[in-house]
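Student:
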């Protein structure tokens, strides 16, 4: 396991290392001894002069064990890490245009430098005659490509030489973790592939790398997670080390196309003595007209429910996909809340139905908070602040014919002033963060945002107590 602090620059090294060995026997101790020897040879290879780091989209090659030999020559072992960025070329996006490496005001502040792991395959040697030998023996040949994925976090002024040493150490540590995992889960000569994952924990732990056995579901790794929670003094009533909790690097797009956490691009409103209480973790923004579904005018509560479901999925509480409109409707029919013709209709749902679907499909319980008129919502600051402090889940609110998602509140305990962080499911455009934040589809709203005379119900989902 490797633990690093997330600083201003994160170096991420990835690549495959070939693990090979001959097993003369299927005897357990013999297999373990042979595999351990293979891992030690691989670690020695990582510490050899043939190890090379290639910084992606740049001409930079680094031999970290050759006195940190670097090509081109104008980059030295003592060069500050911040100077590497000028050698990295812009990547072309899908439209063929080059994307800038510069960060705008709404981009993540952490700079990620990606490196590829390589090994020199030729070494100078004397010519010698080839000798062939033949031996008849039954053996089991093992070949496994280990998916190395290491990180090192440093400040901008740190030198390339220091980073290179950190990455070599991280490679060896990860090989040791992979060895323990392979030996722990082996059955005879059947071996499981190691899977390194990174998890961002509260300070001072920072970014932690853990190796799991690929193909083994989270449900069978509870003991591993309990050990990790104990080691890092984490609460035992919420998941931190499930695969869904793995850190998403800011330079990697999400493959499903949904925006994550658009509220993080907003500035906090100026309000004297007020404190922010906001959603914890990661969610996807679901809104009208997504997924080739025309639900404009009737699907806002469905979309708010989908945002809530995405939160439970991405925090590792559930494995299922975010439900479609039809699956939501079928769940309501199954629990007896709606008649069979409701499936496939364009009928609205409210917070009570959202509560029922969360219980049916996710096994998640919810509290319902009733407000007799919109003008009273301004007085619910304490209840909502407590919810976001303790549960941290998105809140669905329905009133009249509209539904919204509340992601947080800015509330003053002394003055009672309040603003609501609203994610609006009525948006019909594309996944453009700039438009969504600038036009207020995700933004801070005052009490006047609500219909002052309409009654409102809020669905407050509760976290399951599990790791």
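Numbering (full-length UniProt numbering), first residue to last: 1 to 467. For every residue, glycine included, the Cβ atom is placed at its ideal position computed from N, Cα and C.
1. Restricting to runs no shorter than 4 residues, where is the alpha helix (DSSP H) found entirely within the stretch 130-202?
2. How far does the beta strand (DSSP E) with residue 342 in it reach, from first residue to last?
3. Applying the 10 Å Cβ sphere with the 16-neighbour rule, what's the burial state of residue 465?
4. Please state if the CB of residue 425 and the CB of residue 286 are separated by a distance shorter than 8 Å.
5. Under a three-way DSSP split, which group does residue 288 fall into?
6. Indicate whether residue 266 and residue 28 have their beta-carbon atoms separated by less than 8 Å.
7. Where does residue 219 sit, in a helix, a strand or coil, going by DSSP?
8. Locate the beta strand (DSSP E) running through residue 326, then write down its first and last residues.
9. Note down the Cα distance separating residue 329 from residue 353, rounded to an integer number of angstroms.
10. Among 237, 56, 68 and 131, which has the Cα closest to the Cα of residue 86?
11. Quick one: grab the DSSP three-state call for residue 272.
12. Using the C-alpha atoms, what's the distance from residue 17 back to residue 164?
13. Helix, strand or coil for residue 60, going by three-state DSSP, please let me know.
14. Using only CA atoms, which one of 384, 362, 302 and 77 lies nearest to residue 347?
15. Residue 141 and residue 32 look like a contact to me (Cβ under 8 Å); what is the Cβ gap, rounded to whole Å?
16. In chain order, what residues of the same chain have a beta carbon less than 8 Å from the beta carbon of residue 151, not counting five sequence neighbours either side?
17. Run through DSSP, which three-state label would residue 12 get?
18. For residue 337 and residue 317, what's the separation of their Cα atoms in angstroms?
19. Do residue 65 and residue 168 have their CB atoms nearer than 8 Å?
20. Could you tell me which uninterrupted alpha helix (DSSP H) segments, each at least 4 residues in length, are contained entirely in the stretch 426-455, listed from first to last along the chain?
21. Given this structure, state the Cα-to-Cα distance separating residue 129 from residue 122, to the nearest angstrom.
22. Out of curiosity, what's the CA-to-CA distance linking residue 101 and residue 326?
Tutor: Here's the rundown:
1. 160-185
2. What you label residue 342 is simply residue 342 of the chain shown in a count that begins at 1. First-last for residue 342: undefined, no H or E at that position.
3. For the purposes of this step, residue 465 is taken as residue 465 along the chain shown, with counting starting at 1. Burial call: exposed.
4. Reading the chain shown from its first residue, position 286 is the one you call residue 286. Reading the chain shown from its first residue, position 425 is the one you call residue 425. Result yes, Cβ atoms of residue 286 and residue 425 sit closer than 8 Å.
5. Counting from one through the chain shown, the residue named residue 288 turns up at place 288. Residue state, collapsed to three classes: coil.
6. On the chain shown, residue 266 is found 266 positions in, with the first residue counted as 1. On the chain shown, residue 28 is found 28 positions in, with the first residue counted as 1. No, Cβ-Cβ distance for residue 266 and residue 28 is not below 8 Å.
7. Start at 1 with the first residue of the chain shown, and residue 219 comes out as number 219. The answer is helix: DSSP assigns residue 219 an H, G or I state.
8. Taking the chain shown and counting its residues from 1, the one referred to as residue 326 is at position 326. Counting along the chain, residue 326 falls outside any beta strand (DSSP E), though it belongs to the alpha helix (DSSP H) covering 325-334.
9. Numbered from 1 along the chain shown, position 329 holds the residue referred to as residue 329. Numbered from 1 along the chain shown, position 353 holds the residue referred to as residue 353. Their backbone Cα atoms lie some 9 Å apart in a straight line.
10. The sequence position of residue 86 within the chain shown is 86, counting from 1. Of 237, 56, 68 and 131, the residue nearest in Cα terms is 56.
11. Here residue 272 is taken as the residue at index 272 of the chain shown, counted from 1. Reduced to three states, the DSSP call for residue 272 is coil.
12. To locate residue 164, count along the chain shown from 1; it is residue 164. To locate residue 17, count along the chain shown from 1; it is residue 17. Going from the Cα of residue 164 to the Cα of residue 17 covers about 18 Å.
13. For the purposes of this step, residue 60 is identified with residue 60 of the chain shown, where counting begins at 1. Note: residue 60 maps to coil in three-state DSSP.
14. Numbered from 1 along the chain shown, position 347 holds the residue referred to as residue 347. Nearest of 384, 362, 302 and 77 to residue 347, Cα basis: 302.
15. Your numbering for residue 141 matches position 141 in the chain shown. Your numbering for residue 32 matches position 32 in the chain shown. Between residue 32 and residue 141 the Cβ distance is about 17 Å, and since that is not below 8 Å, they are no contact.
16. By 1-based counting over the chain shown, the position of residue 151 is 151. Closer than 8 Å at Cβ, skipping near neighbours: 2, 4, 10, 11, 12, 13, 170, 198, 207 and 209.
17. Counting from one through the chain shown, the residue named residue 12 turns up at place 12. Looking at residue 12 - three-state DSSP - the assignment turns out to be strand.
18. The residue given as residue 337 occupies position 337 in the chain shown. The residue given as residue 317 occupies position 317 in the chain shown. Cα to Cα, the separation comes out at about 25 Å.
19. Residue mapping note: residue 65 aligns to position 65 of the chain shown, counting from 1. Residue mapping note: residue 168 aligns to position 168 of the chain shown, counting from 1. Yes, Cβ-Cβ distance for residue 65 and residue 168 is below 8 Å.
20. 433-438
21. In the chain shown, residue 129 corresponds to position 129, counting from 1. In the chain shown, residue 122 corresponds to position 122, counting from 1. Straight-line Cα distance between these residues: approximately 18 Å.
22. In the chain shown, counting from the first residue as 1, residue 101 sits at position 101. In the chain shown, counting from the first residue as 1, residue 326 sits at position 326. Here residue 101 scores only 44 on pLDDT, less than 50, and its place in the model should not be relied on; the value that follows carries that caveat. The alpha-carbon atoms of residue 101 and residue 326 are separated by roughly 41 Å.
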